[in-house]
Amino acid sequence: MSDSLAVKPTISVIVPCYNVEVYIDRVLGSLRSQTFSDFEIIAVDDGSSDGTLGRLEGWAGTESRLRIYSQENQGLYHARLSGIALARGEWITFMDADDEVTQGHLAALMSGAADDVDVVITGIASIGLDGVETRYGPRKGRMGGAEAAIALLVGHHSNGLFPCWNKLYRRSALEAVKFDRSRINQGEDQVFNLRVFQAIRGLISTVEGFTYRYIARPGSIMRSMSERHVADFFELWRERHEAATTLLQDSRLQLSYRHRLMLNVMDFAGQVYRSRRRDLMQQLTYGLQQMTLQPKLDPADPIALLRWLKWRMRMELGQRGHFVGWLM
């Protein structure tokens, strides 16, 4: 591992890398162009089988702020945890290896940093496969950790609370969180932030601007589907409900959460159906049945949830009962 920095930087930028040889120049180039320069880059090569590691080593020859760590393939969540363990900055932020940031990204995040702040959030510019840019994120202001956790549970992804990569975290706050090293894949950002928001004592500050540029690409992990994705969907469901049981005391918030849960189930069921894999459809159905056999894990009425899902699937899939029938 390259370790040329003699002084601890203000920010550690953690970049998990897995088979991103063709994208790594873009992310590192956008970091090199930052107007705020007091940072280190920790690139965690997560067992890449292409030329990613060689590309990183090439960059390390000309970029003294870059540190490289290699590990066997463990997934994005674990790559981030490895980066946190290696970080030396007072603050930590993340980037996906196929995205980019504006020149003022780190400066914008630091503008929200203060003694009483543990997390800073900036806006997102999402570029779709068609090249269309959509901007979203939170309004400028401050909020407490519990308030942010509730908004994550009941709100829409456009509030900017879901992803990890548009945020700046105080390192000491992350180190105080007990992250579960059990397998997480689908929705790992939500799990990560839910744990952070519930644990922090400081405030969350949001800043103006859309400085993180999320770039969709064919073959991304969120576009693929596997047995691991289905299993992790239910793991995420359990984690979210555990938090909801503690945080959502107001009946209106509970209703909003139930609606959000149903929409999430419908969206994920659609992804599973589009995979055309019968084994995944059966796994999804079994998982739903198991959840409804344990009411404490299901904030919505179990029978109503399945009836609603069946109705929505009929509406969306044009009465294709060969799949919908499995749900009852």
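Residue numbers for the sequence shown follow my numbering, so the first one is 32 and each next one is one higher. Each residue gets a CB set at the ideal place from its N, CA and C atoms; glycine is no exception.
Should residue i be flagged as near chain C, meaning a C-beta pair shorter than 7 Å?
i	result
S79	Reference to chain C is not applicable here, since this structure consists of a single protein chain.
Decide if residue i is buried, meaning its Cβ has at least 16 other Cβ atoms within 10 Å, or exposed.
i	result
V163	exposed
M253	The predicted position of M253 is uncertain, since its pLDDT is 46 and thus under 50; a value taken from the coordinates is nonetheless stated next. The residue in question, M253, is exposed, as its Cβ has fewer than 16 Cβ neighbours within 10 Å.
E273	exposed
G159	exposed
E266	buried
R201	buried
S95	exposed
D161	exposed
T276	exposed
S203	exposed
A116	exposed
H290	exposed
D77	buried
E219	buried
D34	Legend: pLDDT at D34 = 48, less than 50; position of this residue unreliable, value from coordinates given subsequently. Under this definition D34 is an exposed residue.
G356	Low per-residue confidence applies at G356: pLDDT is 38, beneath 50, and the placement is therefore not dependable, though the value from the model is reported in the following sentence. When all chains shown are included, G356 counts as exposed.
A156	buried
S79	buried
G114	buried
T27	It is not possible to answer for residue 27, since the shown part of the chain is limited to 32 through 359.
A110	buried
A91	buried
The beta strand (DSSP E) that contains residue i, what's its start and end?
i	result
S236	L234 to T237
D76	F70 to D77
I45	I42 to C48
F67	Segment: none, F67 is in no beta strand (DSSP E) and carries neither H nor E.
R202	Careful: R202 lies outside any beta strand (DSSP E), inside the alpha helix (DSSP H) at R202 to E206.
F125	W122 to F125
Y243	Y243 to I246
Report yes if the CB atom of residue i is closer than 7 Å to the CB atom of residue j, and no otherwise.
i	j	result
G191	P169	yes
G176	I123	no
A262	L225	no
R119	K39	yes
F241	G154	yes
Y364	L183	With the chain running from 32 to 359 in the structure shown, residue 364 is simply not present.
M293	V303	no
V222	E178	no
D129	R248	yes
M126	V75	no
I236	V296	Per the sequence shown, the amino acid found at residue 236 is Ser instead of Ile. No, they are not a contact pair.
F67	L137	yes
F264	F299	yes
L199	V151	yes
I42	F70	yes
I73	L62	no
L234	R173	yes
Output the boundary residues of the alpha helix (DSSP H) element that contains residue i.
i	result
F223	E219 to A230
M141	H136 to S142
Quick one: which unbroken beta strand (DSSP E) runs of 3-plus residues sit fully inside the stretch 146-196? Chain order, please. Counting whole runs of 3 or more residues, the stretch 146-196 contains the beta strand (DSSP E) stretches 148-152, 155-158, 164-167 and 172-174.
Which full runs of the alpha helix (DSSP H) of 4+ residues lie inside the stretch 260-292, going along the chain? Within the stretch 260-292, no alpha helix (DSSP H) run of at least 4 residues lies entirely inside it.
Count the CB pairs spanning the stretch 278-288 and the stretch 193-203 that are closer than 8 Å, and state whether there are at least three. These segments do not touch.
contact_flag[the stretch 91-109, the stretch 129-138] where n(CB pairs < 8 Å) is 3 or more: Flag = no, the stretch 91-109 and the stretch 129-138 do not touch.
Could you pull out every unbroken beta strand (DSSP E) segment of at least 3 residues lying fully inside the stretch 76-107, listed in chain order? Secondary structure within the stretch 76-107: the beta strand (DSSP E) runs of 3 or more consecutive residues, fully enclosed, are 97-102 (chain order).
Segment contact flag, the stretch 81-93 with the stretch 40-59, C-beta cutoff 8 Å, min 3 pairs: Yes, the stretch 81-93 touches the stretch 40-59.
Between the stretch 136-143 and the stretch 88-99, are three or more C-beta pairs nearer than 8 Å? No, because fewer than three Cβ pairs between the stretch 136-143 and the stretch 88-99 fall closer than 8 Å, the two stretches do not touch.
So within the stretch 295-325, which uninterrupted alpha helix (DSSP H) runs reach at least 4 residues, ignoring any that extend past its ends? Listed in chain order, they are 309-323.
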